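The structure appears below as structure tokens.
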Amino acid sequence: MKHLKRLLYSTIGILTLVAAGCSSHRGSVTSPVTQSSNLDMRFDSMVSNYGAWDEMSTNIKVELQSPMNLSLSGKAYMVKNKLIHISLKFLGMELAVCHITPDSIYCVDKVHKIAVVEPMSKLSSTAGIDIAQLQSVLLGRLFGPDSDPAALKRSRSVTFDWLDEESDQWKTVVQFIKPLKYTCVFDIGGNEPNVSALHVAIPGHKEVSCMYSGWFSTVIGSMPQSISSDVAIGKNQLKIAVRYTPSSVSVKNVKVPSFKVPGNDYRRMHMNDLLKSLAS
């Protein structure tokens, strides 16, 4: 039960903290970059392949790989710019729910009757990230201050540079200014370019990174089969992965489960309390 509790805490914590994870990345995301017309065209080609969608669902599996091996399976639902709903189950019983709207973040541990409830404005004021950008993180898509990736170049907030020209690896660097200045770097590579890693540098915080792999084709374009992170919290190093099932991706007749705000029988926690629990 203790291990299950740690998995649930790790899961809801990671899903809330930029829907991915945090790790130390040796490269500097603030190094000077140059504009390349070749990469500029690759960027245009890449974002033009992002298929339109209004709602979607997919089977999901969350794996805690360190300091112990545990996993939960379930389903993820998204309504564009409006909702992220992730339900995790074990033997058919719902154990945890992460429900994110433009206004609020709810992460609920139904086993231990604990609810982490935060206003979305808290995440937005810390990192300037909104629900549309969180959805882009979960889909492995480029994003910027404007959630529309095609608008990035018009905002003059994006530059491109080679990571390794011989192996066809390049990066897109996006500068955010409001509500605070920070940088996102998207590592991209391959003949069919997709994001292989996202690194976020926020002043005064450890760099945030998540890795993408196993890309597959869907009706809305390519999606990563796996998103993984190593999360340093206190003295603990948590390694976690989120995996999608390619054959389960659906954009038609998506029925998002109803969500009930936790009542007085749940103990309320703030995100800082949750992180302290994971660090112990």
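In terms of the working numbering, the sequence shown is residues 16 to 295. Using N, Cα and C, we set each Cβ at its ideal position, and we do this for glycine too. Model, not experiment: these values are computed from the prediction.
Straight-line spacing of the CA atoms in Asp-179 and Trp-185 works out to 7 Å. By the Cβ neighbour-count rule, Asn-279 is exposed, with fewer than 16 other Cβ atoms within 10 Å of its own. A direct Cα-Cα distance of roughly 14 Å separates Ser-232 from Met-71. Around the Cβ of Pro-208, a 10 Å sphere holds 16 or more other Cβ atoms; the residue is buried. Cβ contact annotation for His-100 (same chain, cutoff 6 Å, sequence separation greater than five): Tyr-92, His-114, Val-271, in chain order.
Per DSSP, Ala-166 lies in no beta strand (DSSP E) and is assigned neither H nor E.
The beta carbon of Cys-199 sits closer than 6 Å to those of Val-189, Val-215, all from its chain and outside the five residues before and after it, given in chain order. For Val-269, the closest alpha carbon among the candidates Gln-80, Leu-85, Lys-95, Phe-58 is that of Lys-95. A direct Cα-to-Cα measurement between Phe-58 and Arg-156 gives close to 12 Å. Annotation for Val-77: the continuous beta strand (DSSP E) segment containing it runs 70–81.
Per DSSP, Gln-240 lies in no beta strand (DSSP E) segment and is marked neither H nor E. For Ile-146, the uninterrupted alpha helix (DSSP H) run begins and ends at 146–154, by DSSP.
Each of Ser-228, Ser-119, Asn-74 was checked against the Cα of Pro-277, and the nearest Cα belongs to Ser-119.
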